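Numbering (our numbering), first residue to last: 14 to 124.
Structure, rendered in structure tokens:
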């Protein structure tokens, strides 16, 4: 069960210290924790931890932010975690410093 996603959907932030309105792209990669370091094997210690998605990228959606990729790096095996990353395209607005936008116009700009 994905505890983080369930809490994000419910709007509950009881155990997490982050602002509301955050989102996560769909996870389409294998669990990123708990590996035996240096291997592709999940935890074989006495604890036998359940594989999970501990490493996440949350972002604040905006009209000018276009998600491009959300993935893990399974070949990086230096710890019991696999790193994850997300890439985004950000559309920005070039402003004329001599003629700044009005307050009402500024609200719709991606600054």
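Even for Gly, the Cβ is constructed at its ideal location relative to N, Cα and C.
On a predicted model such as this, the values are computed, not experimentally measured, just so you know.
Open item on the list: Quick check: the Cα distance between residue 40 and residue 112, rounded to an integer number of angstroms?
Closed with: 43 angstroms
TODO: Tell me, please, whether the region 48-63 touches the region 17-24 by the rule of three or more beta-carbon pairs shorter than 8 angstroms.
DONE: no
Open item on the list: Taking the alpha carbon of residue 62 as the reference point, which residue from 72, 105, 45 and 36 has its own alpha carbon closest?
Closed with: 45
Open item on the list: Applying the 10 Å Cβ sphere with the 16-neighbour rule, what's the burial state of residue 82?
Closed with: exposed
Task: C-beta atoms of residue 35 and residue 21 nearer than 9 angstroms - done: yes
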